[in-house]
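When you read off a place in the sequence shown, starting at 1, and then add 10, the result is the number in this note's numbering.
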Amino acid sequence: MPVKNLKKTGILLIPLVISVALAAADRPGGDLLSRADELRLRGAHEEALAYYEQVLAEDPASPAAWAGAAASLEALDEAWALAVLAEALGEPETALPVPALTVLADGWARRGATEKAQKLLASEAQEGTGRYYLVRGRINLARGELPGAIKGFKKARAAGDAAAPYYLAEALIETGHYDEAELYLDEFLDVFPYVAQARCARAEIYLRRGENERAAEELAEVLALDRRNKRALFDMATVAAARGDYGEAIRRYGDVVGLDPGEERAFYLLAKAYEYVDPLVAAQKLEEYRRRFK
11 MPVKNLKKTG ILLIPLVISV ALAAADRPGG DLLSRADELR LRGAHEEALA YYEQVLAEDP
71 ASPAAWAGAA ASLEALDEAW ALAVLAEALG EPETALPVPA LTVLADGWAR RGATEKAQKL
131 LASEAQEGTG RYYLVRGRIN LARGELPGAI KGFKKARAAG DAAAPYYLAE ALIETGHYDE
191 AELYLDEFLD VFPYVAQARC ARAEIYLRRG ENERAAEELA EVLALDRRNK RALFDMATVA
251 AARGDYGEAI RRYGDVVGLD PGEERAFYLL AKAYEYVDPL VAAQKLEEYR RRFK
C-alpha cells in the first residue's frame, strides 16, 4: 500500500522525524520497527507512524508494521484507521495481520456492519489475539448467538484480554448462569471497580435472584457516581416495582424516558406502573405507547 495513505490532513508528521528514522537505519543497532513500537507504546502515535511508513515503503506486506500502524491510526482517529485499513485490505500485495484485521472488524461492528465484520474475522485462519476473540464474541452477542459469544469471550480471557470477564458475564447473565457470571464480574471489578456497566450487571444478577436490597445498594453507588446512568436508573425502577413502590418506579422510569424518549421498555413499564396509582393516566400512557412504538 502506498505510504502516503497513512497520512491525514490535519495530522502533520514532522519531517525531522522521518529524517531521524532514515538515519536510525544506518546506526549500529538501528531498527525502524523497534523504534516505531517503542514510540507507539509510549503514546507517541504520530511519530510512530512516521517510522511505520518507512518500513512499509520497503515492505508493503510487513505484518508487524501493519499491526503497529493499525494501533497508532486507531489511537489517533478511528475513522481514519478504518479508511486506511479497508483500502489496504483490497490491495493484492497487502495481507493484513490479525491485529490490523481486528481493528477493522471492531470498527465495522460498532458501526452496525456486523455481517462484514464477522466475515472478515471468520475468514482469518491464524490464531487470534485476545481482542480478536473479544470482537468475535461481541459480534455473536449482538446477534443473539450466545454459545458463540461465550466461547469467544472465554478464549479472549484465556488470551489475557482485560475486558473479557465483563463481556463473558453479560453473556452468562443472558443464559441464566448467574453464579458463574458473578464470579467473572467480581474478577473484572477487582481491577476496574468504577465501570458502571459492570456494576449494573452485578446488580441485575442480584435482582434476578430476588436479592433486591443488594441490587438497590449496588445501583445507588452507581448513581452516586453518575446520576444519569440510564441502565442504573432503569434497574432501580425495576427494584422499586418489585418492592411495590410504584411512585418510585414511575419516577425512575420517567428519568430514563427523559434521557432517551425512544426507550421503549421504560415507556411501557412506566405506563404499567401507573396502573397501580392512577388507572386513567395508565390508559393514556398505554395509548401513547401504542402510537409511538407500534
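Backbone N, C-alpha and C fix where the C-beta goes; we use that ideal spot for every residue, glycine too.
By how many angstroms is the C-alpha of residue j removed from the C-alpha of residue i?
i: Ala276; j: Val266; result: 7 Å
i: Thr104; j: Asn239; result: 43 Å
i: Ser82; j: Ala91; result: 8 Å
i: Glu297; j: Ala283; result: 14 Å
i: Phe198; j: Asp69; result: 40 Å
i: Ala286; j: Arg261; result: Strictly speaking, residue 286 in this sequence is Tyr, with Ala absent from that position. Distance between the alpha carbons of Tyr286 and Arg261: 14 Å.
i: Ala35; j: Leu42; result: Its pLDDT being 41, under 50, Ala35 is placed unreliably by the model, and the measurement read from it follows with that caveat. Straight-line Cα distance between these residues: approximately 6 Å.
i: Ala85; j: Arg45; result: 18 Å
i: Arg153; j: Gly162; result: 13 Å
i: Leu156; j: Thr124; result: 15 Å
i: Tyr216; j: Asp245; result: 11 Å
i: Leu233; j: Pro271; result: 20 Å
i: Gly158; j: Arg219; result: 25 Å
i: Arg241; j: Leu290; result: 28 Å
i: Gly117; j: Arg148; result: 12 Å
i: Ala71; j: Arg52; result: 25 Å
i: Gly100; j: Arg301; result: 46 Å
i: Glu274; j: Lys295; result: 12 Å
i: Gly39; j: Ala110; result: A caution first: Gly39 carries a pLDDT of 27, below 50, which makes its placement in the model unreliable, though a value can still be read off. Going from the Cα of Gly39 to the Cα of Ala110 covers about 27 Å.
i: Gly264; j: Glu221; result: 24 Å
i: Ile183; j: Ala292; result: 31 Å
i: Arg209; j: Ala67; result: 47 Å
i: Asp189; j: Ala225; result: 15 Å
i: Glu214; j: Pro102; result: 49 Å
i: Arg141; j: Val65; result: 25 Å
i: Ala98; j: Leu49; result: 23 Å
i: Leu243; j: Ala174; result: 25 Å
i: Pro73; j: Ile160; result: 29 Å
i: Ala281; j: Tyr299; result: 8 Å
May I ask you to report which of helix, strand or coil DSSP gives residue i?
i: Asn222; result: helix
i: His187; result: coil
i: Arg121; result: coil
i: Ser237; result: The sequence shown places Arg at residue 237, rather than the Ser named in the question. Coil at Arg237, not helix or strand.
i: Phe163; result: helix
i: Lys295; result: helix
i: Gly254; result: coil
i: Pro8; result: Outside the displayed range of the chain (11 to 304) lies residue 8, so it cannot be described from this structure.
i: Pro175; result: helix
i: Arg300; result: helix
i: Ala211; result: helix
i: Tyr204; result: coil
i: Asp116; result: helix
i: Ala169; result: coil
i: Leu23; result: At Leu23 the pLDDT is 37, less than 50, meaning the model places this residue with poor confidence; the figure from the coordinates comes in the next sentence. Leu23: coil per DSSP, three-state reduction.
i: Gly268; result: helix
i: Gly140; result: helix
If you follow the alpha helix (DSSP H) that residue i is in, where does it begin and where does it stop?
i: Phe277; result: Glu274 to Tyr284
i: Leu106; result: It is not in any alpha helix (DSSP H) - Leu106 carries neither H nor E in the DSSP assignment.
i: Arg153; result: No alpha helix (DSSP H) holds Arg153; DSSP gives it neither H nor E.
i: Asp288; result: Where Asp288 is concerned, there is no enclosing alpha helix (DSSP H), given that its DSSP letter is neither H nor E.
i: Gly78; result: Pro73 to Leu86
i: Asp47; result: Leu42 to Leu51
i: Tyr62; result: His55 to Glu68
Pull up the CB-CB distance for residue i and residue j, whole angstroms please, since I reckon it's below 8 Å.
i: Ala166; j: Leu144; result: 4 Å
i: Val201; j: Ala172; result: 7 Å
i: Leu235; j: Arg212; result: Contact flag wrong, Cβ pair sits at about 14 Å.
Legend entry - contact_flag[the region 52-60, the region 94-104] where n(CB pairs < 8 Å) is 3 or more: Between the region 52-60 and the region 94-104 there are fewer than three C-beta pairs closer than 8 Å, too few to call the two in contact.
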